[in-house]
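Asker: Here the protein sequences line up with chains A and B, keeping their order. For the first sequence, our numbering begins at 1 and goes up steadily by one. For the second sequence, our numbering begins at 137 and goes up steadily by one.
There are 2 protein chains.
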Amino acid sequence: MNLVSIYAKKLRNSGLRPTKQRIKICEVLFDTEKTFHFSINDLSKIVNNKSSQKISLATIYNTVHAFKEKGYLKQIPLNANQAYFDTNISDHHHFYDVKEKKLIDLDNSDVGPINIYKKINGKKIKSVEVLVKLED
Amino acid sequence: MNLVSIYAKKLRNSGLRPTKQRIKICEVLFDTEKTFHFSINDLSKIVNNKSSQKISLATIYNTVHAFKEKGYLKQIPLNANQAYFDTNISDHHHFYDVKEKKLIDLDNSDVGPINIYKKINGKKIKSVEVLVKLED
DNA sequence: CACGTAGTTTAGAATCATTATAAACTAGTT
DNA sequence: AACTAGTTTATAATGATTCTAAACTACGTG
Ligand SMILES: [Mn+2]
Ligand SMILES: [Mn+2]
Ligand SMILES: [Zn+2]
Ligand SMILES: [Zn+2]
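1. Please check the pair LEU231 (chain B) and ILE120 (chain A), which I expect to be a contact at CB under 8 Å, by giving their CB distance rounded to whole angstroms.
2. Tell me which residue opens and which closes the alpha helix (DSSP H) that LEU139 (chain B) is part of.
3. Using only the heavy atoms of ligand 6, determine whether one of them is closer than 7 Å to the beta carbon of ASN224 (chain B).
4. In or out: SER5 (chain A) buried (at least 16 other Cβ within 10 Å) or exposed?
5. Taking the alpha-carbon positions, what's the ILE55 (chain A) to SER14 (chain A) distance?
6. Applying the criterion that 16 or more other CB atoms from any shown protein chain within 10 Å of the CB defines a buried residue, is LYS160 (chain B) buried or exposed?
7. Report yes if the C-beta distance between PHE203 (chain B) and ILE212 (chain B) is below 8 Å; otherwise report no.
8. Give a yes or no on whether 8 Å exceeds the smallest Cβ distance from ASP75 (chain A) to chain B.
9. Just checking ASP227 (chain B) against ligand 4 - is the residue's beta carbon closer than 7 Å to any of the ligand's heavy atoms?
10. Considering only residues of the region 188-255 of chain B, which uninterrupted beta strand (DSSP E) runs meet the minimum length of 3 residues and lie entirely inside it, listed in chain order?
11. Indicate the three-state DSSP secondary structure (helix, strand or coil) for PHE30 (chain A) in the structure shown.
12. For the beta strand (DSSP E) that contains ASN124 (chain A), what are its first and last residues?
13. Tell me which same chain residues have a C-beta within less than 8 Å of the C-beta of TYR7 (chain A), skipping the five on either side of it?
14. Counting only beta-carbon atoms, is VAL64 (chain A) nearer than 8 Å to chain B?
15. Would you report the Cα separation of ASN79 (chain A) and LEU214 (chain B), rounded to the nearest angstrom?
16. Please report the straight-line C-alpha distance between GLY258 (chain B) and ASP227 (chain B), rounded to a whole angstrom.
17. Measure the alpha-carbon distance for ASP136 (chain A) versus LYS260 (chain B) and round it to whole angstroms.
18. Using 8 Å as the limit for Cβ to Cβ distance, is TYR72 (chain A) near chain B?
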């Protein structure tokens, strides 16, 4: 079974039709050993440099939102003028190099266990994300 | 010594002229027992509901940036369509209630010690911020 | 107390990431 | 083949933030 049919199946299983746009975006996002961080603009450039059949920016937005919704991507909490996403969907954290404006993964094993002692009535914890800002 | 002259002194010490706009913004931000979270728009409304002499939005932006620069305010790392700031400048963390879109302080004492084992060459840690997302 | 100047405020314009719109297109079903 | 819900797309709209440049002001100097 080739990657394209794996992506098609994955999309169908999520209730998303496996269009050629979504497949191509899957190839860029998931055909790689390493995970990576990207903005919508980054992704648009990567995708559209790969072939002459362009994918519109609107579709990139739609797809990233859909993939995030389905849990295939995570958005990184960060104060920047654009949103950053992560193909690494495991529980993990980030260094943010403020000067270089660069994100670096901090695996869960790179951070000691995090204990939250405060409880909020009727709410449960959905995620715990640590942002470590770096300076020189 | 009244609050206004305390603010004036604080501003002068930071190299900022104590204008009536900045003093008024200081009063809103710092004349209170409790710290709080706000967006630029929140602050603009609060400030301008207090008196008939309005402060322009540009000045609110300028002042918040200046105060953040000087360390009198912190920006909260969060994925939202506008920036959120905090008058609580102590080291602390946040709950984010995703449904209600509400931030809740998590004091340092509400979170166990956080150990970062990974090192980045030539960089040192500037801050460690935890965002705990809540769901029902 | 003028005066000069750097710093500040402001209205309004510009920017730009993101979202909305609605028409054309297509995957999957009958 | 025909139908339909879902998708893509160009384009417009939105809205937070930043920029601009002119008017204003705090404050040191003579
Ligand atoms: Mn980028
Ligand atoms: Mn608000
Ligand atoms: Zn990551
Ligand atoms: Zn806070």
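Using N, Cα and C, we set each Cβ at its ideal position, and we do this for glycine too.
Answerer: Checking against the coordinates, here is how it stands:
1. The sequence given here places Phe at residue 231 (chain B); Leu does not occur at that position. Going by Cβ atoms, the distance from PHE231 (chain B) to ILE120 (chain A) rounds to 6 Å, so yes, they are a contact pair.
2. Run containing LEU139 (chain B): 139-149, per the alpha helix (DSSP H) assignment.
3. Within the structure as shown, ligand 6 is missing, the only ligands being ligand 1, ligand 2, ligand 3 and ligand 4.
4. exposed
5. 21 Å
6. buried
7. no
8. According to the sequence provided, residue 75 (chain A) is Gln. The question's Asp does not apply to it. Yes, contact with chain B.
9. no
10. 220-222, 228-233, 238-243
11. It is helical.
12. One detail in the question is off: residue 124 (chain A) reads as Lys in this sequence, not Asn. Residues 124-135.
13. PRO18, ARG22, ILE23, CYS26, GLU27, PHE30
14. no
15. 6 Å
16. Whole-angstrom Cα-Cα distance: 23 Å.
17. 6 Å
18. no
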